[in-house]
Each structure stands twice: as C-alpha cells, then as structure tokens.
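Participant:
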Amino acid sequence: MLSCKQITELITDYLEGRMRFAERMRFQMHVGMCKNCRAYLRQMKATVAAVGQLPDEPMPDDVRDEMRKRFATWQAAKAASATGKKDPRPT
Amino acid sequence: MAPPEETQLLARLRSGDADAFDVLVRRYHAPLKRLARAFVSTEASAEEVVQDTWVAVLDGLDSFEERSSLGTWISRILVNRSKTKGVREARMTPFSAMADGEHDESAESVVDPSRFDDRGKWSAPPDRWEDETPEQLVGNQEAMALLDAELRQLPETQRVVVMLRDTLGWTAEDVCNALEINETNQRVLLHRARSRLRARLEQHLDKR
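Top line first, the protein sequences correspond to chains A and B.
For the first sequence, our numbering assigns the number 68 to the initial residue and increments by one for each residue that follows.
For the second sequence, our numbering assigns the number 22 to the initial residue and increments by one for each residue that follows.
1. Looking at chain A, which residues of the region 134-166 of chain B have a Cβ within less than 7 angstroms of any of its Cβ atoms?
2. Below 8 angstroms on C-beta distance, what does B:V76 contact in chain A?
3. List, in chain order, every chain A residue whose beta-carbon is nearer than 8 angstroms to that of B:V183.
4. Could you tell me how far apart the beta carbons of B:V100 and B:A199 are, in whole angstroms, since I believe they sit closer than 8 angstroms?
5. Do the CB positions of A:M126 and A:I78 come within less than 8 angstroms of each other?
6. Do B:V181 and A:E76 have their C-beta atoms within less than 8 angstroms of each other?
7. I want to see whether chain B comes within less than 8 angstroms of A:Q95, judged by CB atoms only; does it?
8. Secondary structure at B:F137, three-state DSSP: helix, strand or coil?
9. Between B:L211 and chain A, is any beta-carbon pair separated by less than 8 angstroms?
10. Is the CB of B:L51 under 8 angstroms away from at least one CB in chain A?
11. With a threshold of 8 angstroms, are at least 3 pairs of Cβ atoms found where one atom belongs to the region 33-50 of chain B and the other to the region 128-145 of chain A?
12. Checking 8 angstroms against the spacing of the C-beta atoms, do B:R147 and A:A117 come in under that value?
13. Would a check of beta-carbon distances place B:Q224 closer than 8 angstroms to chain A?
14. Can you pull out the residues from the region 72-93 of chain A whose beta carbon lies closer than 8 angstroms to at least one beta carbon of chain B?
15. Between the beta-carbon of B:V71 and the beta-carbon of B:K54, is there less than 8 angstroms?
16. When Cβ atoms are compared, which residues of the region 188-207 of chain B fall closer than 9 angstroms to chain A?
17. For chain B, find out if any of its Cβ atoms is closer than 8 angstroms to the Cβ of A:A149; answer yes or no.
18. Interface residues of chain B around A:D123 at Cβ under 8 angstroms?
19. With a Cβ-Cβ cutoff of 8 angstroms, do B:L82 and B:R48 count as a contact?
20. Quick test of the definition: if touching needs 3 or more C-beta pairs under 8 angstroms, does the region 186-194 of chain B touch the region 82-98 of chain B?
21. In or out: B:M184 buried (at least 16 other Cβ within 10 Å) or exposed?
22. In chain A, which residues lie with their C-beta within 9 angstroms of the C-beta of B:R215?
23. Under 9 angstroms between beta-carbons, which chain B residues line up against A:F126? List them in chain order, please.
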C-alpha cells in the first residue's frame, strides 16, 4: 500500500501517464480510499489548469508599436510579392 | 493539432489582419520573453530574440502546417533562436547542466515532511479549497495573481519547464528535445514546479 507521502511524490508520474499498470492501480486504490490524497490530486489538477490560464500581461506601448510596425512591413512585403507574382512586368 | 480558436486566428493572420497579430503578441510576448531569459544573458537580448521570433513567425505563417498548436510552434522558433543567441553570447551554463544541478540537489520533499506521520500518512492533510475546480480557480483573480508571482520566483529550470508544459502546451518530448534534457529530469523539474505552485495556492485558499 502506498503512503500519502508517496502519493504526493508520485503524483506527476501519475498525471503524466508514466506509471506501470500495477503501480497505477496501487496509486488509484490509495486515492480511492483516502479523501486527503483525493483533495491533493484535485488541487494539483486545478493548479496545472490554472497555470495554463494565466492572464495576458500588459504590453508596453513601445513594444506594441514596434510589433505593429513589423506587421505592417511584413504585410507590405507580402502584398508586393503577391503582386509581383501576378504581374511580373516592371513598373 | 491546433485548437479551433487558433485555426480562426491563423486564418485572420494569413489574410493580413493586424488585430489578430495584436491578439497573438499580447498572449505570448511576455511568456516568450521569460522563456528567452533562460537562454540569453540580458533582458535586452531576450526582448530582441522575442521580436526576431515574431518576424520569423510572420515569415513562416504560410508554411506552418498546424501539426502542433500555434503556441508550441512559436515557442519552438523562440527556443531555437534563443539558443543560437545564447551560444553567441557565450552564456556559460547550458540549460541541461543547470537541470542536472537541480536534479542532484538533495531530494527534498515537495510537501513539508512534518505534515506526515512516521508511516507517511497525512497528519496535517490539505484542507478543501474554496475554489477547487479549475474553473473556480481561474475565476479567482487574487489566486491567479499569486500563482503568477510564484511562477516568477521558481528556480529558472523549473520555471522554464512548467511554462513550456503548462502555459505553452508543449509535450514532454518536445521539452526534452528543445532543452536537451532527459525525460526523468524533465519530470522532476515539472513535479517540483507544480508542487510548489500548488503549495503557494494552498497557503492562500485553505479554509482554515
């Protein structure tokens, strides 16, 4: 039988699907019977999900302006090359 | 495969929609910069790598085949560029060496050992959190701000791995390849990072 301490140490292996079948069964059996480890597992899953949902950071104005400028340059180059392909005659 | 929302964003980008580019830059610029910081020596270098990455992203848009998510693709470009720049700057410690250092550290427990009895059973178990589902947690602005602050304070190797995996959605295999670390190291770093982030939230959310 795994201990609660071992559950907290093995939890990432479990969530990553890196356990052999027998070990996975032992993990699930413990969690099925232990409400404290169930809470720990729930909290760990919520934490992982929350890290994936951290809000966007404010963008400094100068960086935003610079990126817009770069986008405009890219767009212009793209448009020019598209036109060039359609109409290879020199202007 | 790219999620449907990203497919739409991609279509807008390809059609030259500047607002779509704004959305993308707002979403990824800051995490990319934090990621770049793991490879280059200064903030200014990191900013430069990220800006170069955005140009490379625009240039590569038409050839992006959507086999991975947009975020994964962008961050892969960033890591490659950061590594090249890091080498040029002769940054002394490669990521894999830092990760080995982390791995060799004494195998300290991720949960305070005093919370278990001598048989390893909880003596001070985790309490229920007020907000325990992912949806509730994400809706709790204070908790999210704490999480963000704690993420910034993680050791660099842990921070990079957890960001790649959980913020930017990389697979374990992609992380190992990009950072040139083995699978066990990757998992140890991820485990420590996630455990510490959970512990920080616990301090805040416990209904004690």
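Here a beta-carbon is modelled for each residue, glycine too, at the ideal position from N, C-alpha and C.
Every value quoted in this text rests on a predicted model; they were computed, and no experiment measured them.
Facilitator: Let's see:
1. F137, R140, G141, K142, W143, P146, P147, R149, W150, E153, T154, P155, L158, V159, M165
2. One-based indexing of the second sequence puts residue 76 of chain B at position 55. Near B:V76 (Cβ distances below 8 angstroms), the residues of chain A are R137, W141.
3. Here residue 183 of chain B is taken as the residue at index 162 of the second sequence, counted from 1. Per Cβ cutoff of 8 angstroms: V118.
4. On the second sequence, residue 100 of chain B is found 79 positions in, with the first residue counted as 1. On the second sequence, residue 199 of chain B is found 178 positions in, with the first residue counted as 1. The pair is a contact, with the Cβ atoms about 5 angstroms apart (cut-off 8 angstroms).
5. Looking up residue 126 of chain A in the first sequence gives position 59. Looking up residue 78 of chain A in the first sequence gives position 11. Their beta carbons are not under 8 angstroms apart, which means A:M126 does not touch A:I78 by this criterion.
6. By 1-based counting over the second sequence, the position of residue 181 of chain B is 160. By 1-based counting over the first sequence, the position of residue 76 of chain A is 9. Contact flag unset, no.
7. Locating residue 95 of chain A in the first sequence gives position 28, counting from the first residue. No, A:Q95 does not count as interfacial toward chain B.
8. Along the second sequence, read from residue 1 onward, the residue named residue 137 of chain B stands at position 116. Note: B:F137 maps to strand in three-state DSSP.
9. Position 190 of the second sequence, counted from the first residue, corresponds to residue 211 of chain B. Yes, B:L211 counts as interfacial toward chain A.
10. What you label residue 51 of chain B is simply residue 30 of the second sequence in a count that begins at 1. Inspection of the sequence shows that residue 51 of chain B is occupied by Ala rather than by Leu. B:A51 counts as touching chain A.
11. yes
12. The residue you call residue 147 of chain B lines up with position 126 of the second sequence. The residue you call residue 117 of chain A lines up with position 50 of the first sequence. At residue 147 of chain B the sequence reads Pro, which differs from the Arg that was named. No, the pair does not count as a contact, with Cβ atoms beyond the cut-off.
13. Translated into the one-based positions of the second sequence, residue 224 of chain B becomes position 203. No, B:Q224 does not count as interfacial toward chain A.
14. K72, Q73, T75, E76, I78, T79, D80, E83, R85
15. Looking up residue 71 of chain B in the second sequence gives position 50. Looking up residue 54 of chain B in the second sequence gives position 33. Taking 8 angstroms as the Cβ cut-off, B:V71 and B:K54 qualify as a contacting pair.
16. T188, L189, G190, A193, E204
17. Numbered from 1 along the first sequence, position 82 holds the residue referred to as residue 149 of chain A. No, its Cβ sits nowhere closer than 8 angstroms to a Cβ of chain B.
18. Residue 123 of chain A sits at position 56 when you count from the first residue of the first sequence. Residues of chain B passing the Cβ test: R47, R48, A51.
19. Residue numbering aside, residue 82 of chain B sits at position 61 when the second sequence is read from its first letter. Residue numbering aside, residue 48 of chain B sits at position 27 when the second sequence is read from its first letter. It is not a contact, given that the beta carbons lie outside the stated cut-off.
20. yes
21. In the second sequence, residue 184 of chain B corresponds to position 163, counting from 1. With 16 or more other Cβ atoms within 10 Å, it is buried.
22. Counted from its first residue, the second sequence places residue 215 of chain B at position 194. What B:R215 touches in chain A: I78, T79, L82, M111, T114, V115, V118.
23. In the first sequence, the residue the question calls residue 126 of chain A occupies position 59. According to the sequence shown, residue 126 of chain A is Met rather than Phe. Within chain B, the residues near A:M126 are D43, V46, R47, H50, A51.
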